[in-house]
Structure formats: structure tokens, C-alpha cells
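S.K.: Let me begin by handing over the structure; questions about it come next.
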Amino acid sequence: MTKRNLVLIAVFALGLGAAADAQQSSGGSVAITGEVEGSIALYFWQDPAGYALNEGGASALVEIGDVSAYGTPNGLLANRFTKGIQSDGFYLSTPFLVQVLRANLPSSTGYTLTAQVGDNDDTMWLIDGNLLSTTPVLISATESYTTKRQHVLMAKFPFTKAAGGLSDTITFTATAN
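As C-alpha cells, this is what we get:
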């Protein structure tokens, strides 16, 4: 065999190997369906003049501590509650902030805020002067999204209330307008 024939055979063999090793391809598709739903989220923030809340959470724990009508001085307490006395009982109050954010609700211009207390005992719970009950109470009919809005929590303890522990839950509900 001549040198030229050997080169041709080598090129031909390499070409066959490349053709045999050529990669095959195939295609496919994935269909995606679903729906983007609008949503809102409510967060609690500390007011600089108020009780130290966990910043930016959807829930908060408020520990009032031990208080009494005559044993606790009136005025701003160490826990940033303000204590005062009225003719029928004493109260504690503190400001706090609520922020409501929205997503995927372009036609909603604001929200309505309601609050309700977990049980009707002899402690009076108020938000912005609105006395709470076990059914939702309107706190604000129209609020703007994103803005941290100040509210005031007040707990009033009548002089007729028995001494003892205190535990309740206030549920806030923001509803997109």
C-alpha cells in the first residue's frame, strides 16, 4: 500500500468513527399552569415611645409584668407602658405600629383594620379608644399600604377585678379594600 492509500484509509476510518459517535438530540416541553393570587401581610413594629416589640413579626408577645393600682406609680414605666388611674380602675397603655404590605393586588388602594379579643373577661381592651369584644371591631376603615401606622393599646383593669394572672390574645385582621 502506498502512503497515500494509508492516509485515505485513516481519514475514512476516522470519518466513520465520528459519524458513529455523533450525538443525537430530542426535544420536549413542559406546560405550566396556575394562578398568581393577590395577598397582604400584616406586621407589628415597635413605636419608639412604646413597648419593645419584636420588630417586623406577624405576631408579638407583650409582657406587662406585675402592676397594681396603688403600688405602681402613675406615668411612664420601665417597660414603656404608661400607667394611670381613673375613677373606676387603672390602665396601662402603649403605642405600637402596624404595617400592611400587598402583592399582586393592583386595584386595591388600601385596607380595613379590625381587632377582636379572645375572651370577654373583666379586663377592658381598647385599640385607639375602640373597646374590643369577641367579635371584630372596626379600628380603621381605610389605611394605606406600606406605611407604618401608629395605634395605641390600652388595658383597663376595674377596681373590682380580682388579683391574679392575666392572659388574652388580640387578633388583628387587615382586609384589602
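Going letter by letter, the sequence shown gives residues -22 to -1, 1 to 155 in mature numbering (1 follows the signal peptide of the UniProt record, and there is no 0). Yeah, the Cβ is synthetic: ideal placement off N, Cα and C, and Gly gets one too.
1) Using 10 angstroms around the beta-carbon of Y29, count the other beta-carbons present and answer buried if the total reaches 16, otherwise exposed.
2) Nearest-angstrom Cα distance between S86 and T60?
3) Just tell me which of Y89, V130, L54, S7 has its CA closest to the CA of I18.
4) Between the region 35 to 50 and the region 93 to 104, do three or more beta carbon pairs fall short of 8 angstroms?
5) Would you call A81 buried or exposed, if buried means 16 or more other Cβ atoms sit within 10 Å of its Cβ?
6) Let me make sure I understand the geometry here. Which of T72, T92, S3 has the alpha-carbon closest to that of A154?
7) What is the DSSP secondary structure of K61, counted as helix, strand or coil?
8) Could you check how far apart the C-beta atoms of Y69 and A141 are, in whole angstroms? I think they sit under 8 angstroms.
9) Do D44 and Q128 have their C-beta atoms closer together than 7 angstroms?
10) Rounded to whole angstroms, what is the Cα-Cα separation between D146 and E121?
11) What residues in its chain sit with their C-beta under 6 angstroms from that of T151, if we drop five residues either side in the sequence?
12) Taking a contact to mean a Cβ-Cβ separation below 7 angstroms, would you say Q77 touches Y21 in this structure?
13) So what's Q2 in DSSP terms, helix, strand or just coil?
14) Less than 8 angstroms between the CB atoms is what I'm expecting for W103 and I148, so what's the real figure, rounded?
15) Look at the alpha carbon of T72 and the alpha carbon of L31, and state the distance between them as a whole number of angstroms.
M.R.: Considering the structure as presented:
1) Here residue 29 refers to the residue found at position 51 of the sequence shown. It counts as buried.
2) Residue 86 sits at position 108 when you count from the first residue of the sequence shown. Residue 60 sits at position 82 when you count from the first residue of the sequence shown. Between the alpha carbons of S86 and T60 lies a distance of about 36 angstroms.
3) Stepping through the sequence shown from its first residue, residue 18 is reached at position 40. Ranked by how close their Cα comes to the Cα of I18, the residues Y89, V130, L54, S7 have Y89 in first place.
4) Touching, no, given that fewer than three Cβ pairs across the two stretches are closer than 8 angstroms.
5) Locating residue 81 in the sequence shown gives position 103, counting from the first residue. A81 sits exposed, since fewer than 16 C-beta atoms from the chains shown fall within 10 Å of its C-beta.
6) Mapped onto the sequence shown, residue 154 falls at position 176. Of the listed residues, the one whose Cα sits closest to A154 is T92.
7) In the sequence shown, the residue the question calls residue 61 occupies position 83. The three-state secondary structure of K61, taken from DSSP, is strand.
8) By one-based count along the sequence shown, residue 69 stands at place 91. By one-based count along the sequence shown, residue 141 stands at place 163. With a Cβ gap of about 16 angstroms, Y69 and A141 do not count as contacting.
9) Within the sequence shown, the letter at position 66 stands for residue 44. Within the sequence shown, the letter at position 150 stands for residue 128. No, these two residues do not count as a Cβ contact at 7 angstroms.
10) Against the sequence shown, residue 146 aligns to sequence position 168. Against the sequence shown, residue 121 aligns to sequence position 143. Approximately 26 angstroms between the Cα atoms of the pair.
11) The residue labelled residue 151 in the question sits at position 173 within the sequence shown. In its chain, beyond the 5 residues on either side, T92 have a beta carbon closer than 6 angstroms to the beta carbon of T151.
12) Taking the first residue of the sequence shown as 1, we reach residue 77 at position 99. Taking the first residue of the sequence shown as 1, we reach residue 21 at position 43. A Cβ-Cβ contact shorter than 7 angstroms links Q77 with Y21.
13) Position 24 of the sequence shown, counting from 1, holds the residue named residue 2. In the structure shown, the three-state DSSP call for Q2 is coil.
14) If you number the sequence shown from 1, residue 103 lands on position 125. If you number the sequence shown from 1, residue 148 lands on position 170. Indeed they touch by this definition, with Cβ atoms about 6 angstroms apart.
15) Looking up residue 72 in the sequence shown gives position 94. Looking up residue 31 in the sequence shown gives position 53. Straight-line Cα distance between these residues: approximately 11 angstroms.
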